[in-house]
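The structure under discussion appears below in the form of C-alpha cells.
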Amino acid sequence: MFTGIIEELGEVAAVTPAGDSVELTIHGPTVTSDAAHGDSIAVNGVCLTVTGVSGARFSTDVMRETLDRSSLGALAPGTPVNLERAAQVSDRLGGHIVQGHVDGTGEIVRRVPGERWETVTFSLPEGLTRYVVEKGSITVDGVSLTVAAVDTASFDIALIPTTLELTTLGRKNVNDPVNLEVDIIAKYVEKLATSAPGVTS
Numbered sequence: 001m002f003t004g005i006i007e008e009l010g011e012v013a014a015v016t017p018a019g020d021s022v023e024l025t026i027h028g029p030t031v032t033s034d035a036a037h038g039d040s041i042a043v044n045g046v047c048l049t050v051t052g053v054s055g056a057r058f059s060t061d062v063m064r065e066t067l068d069r070s071s072l073g074a075l076a077p078g079t080p081v082n083l084e085r086a087a088q089v090s091d092r093l094g095g096h097i098v099q100g101h102v103d104g105t106g107e108i109v110r111r112v113p114g115e116r117w118e119t120v121t122f123s124l125p126e127g128l129t130r131y132v133v134e135k136g137s138i139t140v141d142g143v144s145l146t147v148a149a150v151d152t153a154s155f156d157i158a159l160i161p162t163t164l165e166l167t168t169l170g171r172k173n174v175n176d177p178v179n180l181e182v183d184i185i186a187k188y189v190e191k192l193a194t195s196a197p198g199v200t201s
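Residue numbers (the UniProt record's numbering): 1 to 201.
In C-alpha cells, the structure reads:
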C-alpha cells in the first residue's frame, strides 16, 4: 500500500527488453537507501517489485500486462519518474490509500498557469468517470491529488508549487500520457451497493 506522497523524483537509467517484458533500472538514492529484493516501490503510480539493488539504483521486471495497462512502456533512459516506497504501518497517511494498481491511462488535455499554481486537465477513460467526484481523491502518476472539477470525459486538478517542482507533473506536456488509479473505496462501495440483497443493477 502507498499514500500517493512522492518521496523522490528518480530517473530511468536503463530499459532492457526481456522477451514480452522489460527490465527497468531506475536511479533513486532515497528509495534505494533501505530497499531489498522483494520490496515494493511505486514507479509513476505502478507498484513494482524490486529484483535487485546496486548503489543508488534498483531493478524491476515489468510484465506485458503492466506495459499494456500503464504508460510504463513509453519510458526511456533519462525519463524522470515519481518514486514512493510502500507505506509503513507507523506512517502518517498524508495522501489517501493507494494500491499501485493502475485502472487506466489518460492524457494531459491542457495546462492553465495561475499566479502560484497551475490548473491541469486530464482526459478520463470511459468507465472510470463514475469513481471520480469533485473534492474526491485520485492518483495521477502515483501522486495523490484532489479533484477540482470533473465531467464525463475529463477532470481538473489544481497543482500547487510543491507538486509542480517535486514530481513529473510539473514537467509533462499536453498529450503526454499519465497513469490513473481511482479511489479504491469508491469501487468497494459500488460493489457492496450492487451486490446487496434486493438490489439490481
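Note that the Cβ used here is the ideal one computed from N, Cα and C, for glycine as well.
Are there 16 or more other CB atoms within 10 angstroms of the CB of aspartate 183, so buried, or fewer, so exposed?
-> buried
Can you tell me where the beta strand (DSSP E) with alanine 18 in it begins and where it stops?
-> 8-18
For my contact list, serine 71 and threonine 121 are in at a C-beta cut-off of 8 Å; report their separation, rounded to the angstrom.
-> Their Cβ separation, rounded to whole angstroms, is 17 Å, which puts serine 71 and threonine 121 out of contact at 8 Å.
Member of Leu128, Ala74 and Lys172 whose CA lies at the smallest distance from the CA of proline 17 | Ala74
Cβ shell of valine 87 (< 7 Å), same chain only, five flanking positions each side left out | Residue 87 is actually alanine in this sequence, not valine. Cβ neighbours of alanine 87 beyond the five flanking positions: Met1, Phe2 and Thr3.
Which one of Asp151, Ile157 and His27 has the shortest CA to CA distance from proline 77?
-> His27
From alanine 42 to isoleucine 108, what does the alpha carbon distance come to, in whole angstroms?
-> 21 Å
Per the contact definition of three or more C-beta pairs closer than 8 Å, is the stretch 24-39 in contact with the stretch 126-133?
-> no
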